[in-house]
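Protein chains: 2
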Amino acid sequence: MKALITGPMLAAAVVLAIPAAASPPQGSGTAWDIVADLTTEVGPRLDGSEREAAARAWAAARLKALGFQNVREEPFTIRGFVRGEDRARLLAPAVQPLAITALGYSPATPAKGIEGEVAYFPTLDALKAAPAGSLAGRIAFVDHAMRANQDGSGYGPFGNVRRQGPGIAATKGAIAIIIRSAGTDNHRNPHTGVSSFPDGVKPIPAGAVSNPDADLIARTAAAGRSMRVALTLTSHPQDGMPSGNVVGDLVGSNPALAPIIVACHLDSWDLGTGAIDDGAGCAIVTAAALKAHAAGTQRTIRVLWAGSEELGGWGGIAYAKAHANEPHALAMESDFGADRVWRVKLNLADEALAARIAAALNPLGIVRGDAKANGGEDVGAIIEAQKLAVIDLNQDGTRYFDYHHTPDDTLDKVDPVQLQQNVDAWAIVLGIVGNAESDLKPVG
Amino acid sequence: MKALITGPMLAAAVVLAIPAAASPPQGSGTAWDIVADLTTEVGPRLDGSEREAAARAWAAARLKALGFQNVREEPFTIRGFVRGEDRARLLAPAVQPLAITALGYSPATPAKGIEGEVAYFPTLDALKAAPAGSLAGRIAFVDHAMRANQDGSGYGPFGNVRRQGPGIAATKGAIAIIIRSAGTDNHRNPHTGVSSFPDGVKPIPAGAVSNPDADLIARTAAAGRSMRVALTLTSHPQDGMPSGNVVGDLVGSNPALAPIIVACHLDSWDLGTGAIDDGAGCAIVTAAALKAHAAGTQRTIRVLWAGSEELGGWGGIAYAKAHANEPHALAMESDFGADRVWRVKLNLADEALAARIAAALNPLGIVRGDAKANGGEDVGAIIEAQKLAVIDLNQDGTRYFDYHHTPDDTLDKVDPVQLQQNVDAWAIVLGIVGNAESDLKPVG
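In the order they appear, the protein sequences are chains A and B. Going by the working numbering, the first residue of the first sequence is number 5, and it counts up by one from there. Going by the working numbering, the first residue of the second sequence is number 5, and it counts up by one from there.
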């Protein structure tokens, strides 16, 4: 083999020559640098972990270096989740390893694992319809048919297999549950994510297998063959783990006006490095805030890099509690990857202002949607408490659930061109609302 | 969530509703059934393993059921490889897990693992240029720039990083070597594959990390930061493991004519289920042989489902030895996935026959290449020993190295439409050469 490149170009060329990844120009901007450095220098940063603490220190240092004021960590404590070793094997009709991950808040199996016959359910509704006690001693498997779509709307109903399935299976006597990953890819990377169990229900070990593994189970079920599975999950919940938010301000020229809050979350699932979920979101809101502020804003723009979103939006709840007595003018969040913004939703009573924002975004290929903007997990609590105006910049989610909560959530999945379109769109919005002197109120 | 489908359609619908996978019609043909059933009912079948033995039993039963005669297992013994637990972590500058797999014939590390500073090499040539002894106590990392292409020609030079890199690093004193996977995807699935060490060189633990992990290492190296890695590989070679070929004949109408041999390999790497490598190949050659035979052939078509190809073509060597005294007319092999045939290469002295074959394939979108047909690993030894005529049906390899030797080599990667185009092309060729009464001799 001949070296393709030699000499002084080498170091840069190595980085640019990443297979299948879009190649960012060197020094391509604040947003790229944030997501690249966070995923490279910190990596996975699960809620409550030492790595999440390392991410907070990294984030505070970065925000200060970028010129933010009042940068601080705001600590809180959570019920966390400690990743162990998660394994599963099909034992019958043939021995085959299954690519599995424990779901968030799943209890561990005994160390030697458990075995059970598989009860196959094609849908969550089919599981719900199973008679009480019918799963005693068995491992439930729940299939589904999630498909990729632009607005990510499948994550509500199909994500319920993960959110609700474990609790339902537990109430029917299952000794464990395995679900088809809530994902739209066909790689051997399972999708983790939080689950929960209703009060009074004894939690059971709960995992997700990759789509190709779920296909194998579905084919075997369709052939009418019975299945046995061996399952060992050592991941487990843990109380009293430290977490925290990181907050910083770009102070506006008119302190009489309430600040705008723009949020993302700093924590990530541990399987990948949290590039699209949600390093990119922090990169977008921060770079856009800097851009708008540099052009001049009367209102202060506050950046919230929330902690512990993945396990239940703990950072957003903590923020709303800690800042209940401070006014906020409007809230926005970026937490849906780094692909292009295609739609804006404006929950703004001032229709002239809303129309002005929509018109300004139009040259970026962004259309206007309805007023049902909701912000997101990290600003949901403060929006609810203070009845805030909200603007959503909806991103193209077609490939988001290919990578979401998997080992594949890595930097190469971020397209720097689309990332920059996000920054530009956000900066336009922040430039307008940051200088709006009228009260910013929601519709109705 | 509402069930999308209910009632009697359910079982079939579950199978058809596989995300991102082409949906084969039920009962869509012999080829699909072979690769689907082999991957479902046997799964991973590493050279020398119990699962490879199970695959031989499965294969013999299937060939008999399909009407093959003289079906038999032909056992041999190999130096095998036992998969253990393979792990790596970047320790500095930041702790990050690395998705790694041991390379075939890598020795194990001590059970508690090893740690070392990383010596980064952008190419195999750069590793070759390292001074003797310069890697003492260090872990070599070798990067490269393999890209997808239609004819798979990158696997020669870039595959050498895997084949030769470990031996070279060992001679320079490295305690271990990690390479960027010889693959063209950007998923967190490392590509395994066989390696080797020159005589007299003490083997060192050798692994491959996924491309996103290699990107992380390359970025860190480009930033000029030193790296430490912790490596634990418990996979290891093992002598005296049982393997074998499975052979069956479709007897032609004229026993005076030497048979045609069509080959694939039955073994697979253990990370995936060997769908494209090489369940699909066995499916193609077998279904095509049956189709040509049903239409009438004077020559016998012999199917060879070779064992232990992955660790060094042991099955092909064993076949050539066992059948050295039997005449063969012509050899072909399918071992490059299941995507469409785009080119035929004919090493046939009878140019009129070669031209007739090429013309017959043209309606399937297949062009003619040169005469440098080489067959493949499983027929290489018999071709060499008997100077056989060879025909290659070259498949589109653009996405082959996205999945090759990874956990992602699963059934959903087989496109049933392209699989059937392969069968049709092979059947055309076998129909013509199976009735060619002239001697089938190679060029020159």
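Just so you know, even glycine gets a beta-carbon here, dropped at the ideal spot from N, CA and C.
Inset, instruction - Using a Cβ-Cβ cut-off of less than 8 Å, give me the residues of the region 100-114 of chain A that come near chain B, in sequence order. - result: Gln100, Pro101 and Ala103
Inset, instruction - Run down chain A in chain order and give the residues with a C-beta less than 9 Å from the C-beta of B:Leu415. - result: Pro216, Asp219, Leu220 and Arg223
Legend entry - Whether B:Val345 touches B:Leu308 by CB criterion (9 Å): no
Legend entry - Chain-ordered residues of the region 37-57 of chain A with a beta carbon less than 9 Å from chain B: Ala40, Thr43, Thr44, Glu45, Val46, Gly47, Pro48, Glu54 and Arg55
Inset, instruction - Determine the closest residue to B:Thr81 out of B:Ser338, B:Gly311 and B:Asp382, with distance taken between C-alpha atoms. - result: B:Gly311
Legend entry - Closest residue to A:Asp189 among A:Lys445, A:Asn329, A:Gly401 and A:Leu423 (Cα-Cα distance): A:Gly401
Legend entry - Backbone CA spacing between B:Val86 and B:Ala140 [nearest angstrom]: 28 Å
Legend entry - Residue-chain proximity (A:Gly31, chain B), Cβ-Cβ < 9 Å: The predicted model places A:Gly31 with a pLDDT of 48, which falls under 50 and marks its position as unreliable, so this point remains unresolved.
Inset, instruction - Could you spell out where the alpha helix (DSSP H) holding B:Asn426 opens and where it closes? - result: Pro420 to Val437
Legend entry - Member of A:Pro194, A:Pro170, A:Ala225 and A:Ala227 whose CA lies at the smallest distance from the CA of A:Ala212: A:Pro194
Inset, instruction - Measure the CB-CB distance between B:Ala364 and B:Leu261 and report whether it falls below 9 Å. - result: no
Inset, instruction - Would you list the one or two residues that DSSP bridges to B:Ser247? - result: B:Phe80
Legend entry - A:Gly276 at chain B interface by Cβ criterion, 9 Å: yes
Legend entry - Cβ-based burial, A:Glu381 [other Cβ within 10 Å; buried from 16]: buried
Inset, instruction - State whether the region 205-225 of chain A contacts the region 90-98 of chain A, with contact taken as three or more CB pairs (one from each stretch) at a distance under 8 Å. - result: yes
Inset, instruction - Compute the Euclidean distance between the alpha carbons of B:Gln399 and B:Gly373, then round it to the nearest angstrom. - result: 12 Å
Legend entry - Separation of A:Ala186 from A:Ala112, as counted between CA atoms: 21 Å
Legend entry - B:Pro411 at chain A interface by Cβ criterion, 9 Å: yes
Inset, instruction - Measure the Cβ-Cβ separation of B:Asp147 and B:Ala222 and say whether it is below 9 Å. - result: yes
Inset, instruction - For A:Tyr109, name the three-state secondary structure that DSSP assigns. - result: coil
Inset, instruction - Determine, using beta carbons only, whether B:Ala98 comes closer than 9 Å to chain A. - result: yes
Legend entry - Counterpart residues of B:Phe125 in DSSP-defined beta bridges: B:Val146
Legend entry - Nonlocal neighbours in the same chain, by C-beta distance under 8 Å from A:Ile321, ignoring five residues either side: Ala385
Legend entry - Buried/exposed call for B:Ala355, threshold 16 Cβ in 10 Å: First, the amino acid is wrong: residue 355 of chain B is Glu here, not Ala. Exposed is the call here.
Legend entry - Contact set for A:Val75: own chain, Cβ-Cβ below 6 Å, skip 5 residues either direction: Ala64, Leu67, Lys68 and Gly252
Legend entry - B:Asn215 classed as buried or exposed, judged by whether at least 16 other C-beta atoms fall within 10 angstroms: buried
Legend entry - Burial state of A:Gly300 (16 or more Cβ within 10 Å): exposed
Legend entry - Beta-carbon proximity check, B:Ile38 vs B:Thr290, cutoff 9 Å: yes
Inset, instruction - Kindly list, in the order they appear in chain B, the residues whose Cβ is closer than 8 Å to that of A:His195. - result: Here the premise fails: no neighbours, minimum Cβ distance about 12 Å.
Inset, instruction - Report yes if the C-beta distance between B:Val427 and B:Gly156 is below 9 Å; otherwise report no. - result: no
Legend entry - Interfacial residues, the region 172-203 of chain B to chain A, with Cβ spacing under 9 Å: Arg184, Gly187, Thr188, Asp189, Asn190, His191, Arg192 and Asn193
Legend entry - Contact the region 276-286 of chain B vs the region 114-123 of chain B: 3+ CB pairs below 8 Å: no
Legend entry - Of the residues B:Asp396, B:Val255, B:Thr105 and B:His269, the one placed nearest B:Gln302, counting alpha carbons only: B:Val255
Inset, instruction - State yes or no: is the C-beta of B:Ala58 within less than 9 Å of the C-beta of A:Ala98? - result: yes
Legend entry - Inter-residue Cα distance where the pair is A:Val383 and A:Ile118: 40 Å
Inset, instruction - Specify, as a first and last residue, the run of the beta strand (DSSP E) that B:Leu275 falls within. - result: Taken as a continuous stretch (DSSP letters only), B:Leu275 belongs to no beta strand (DSSP E), as it is neither H nor E.
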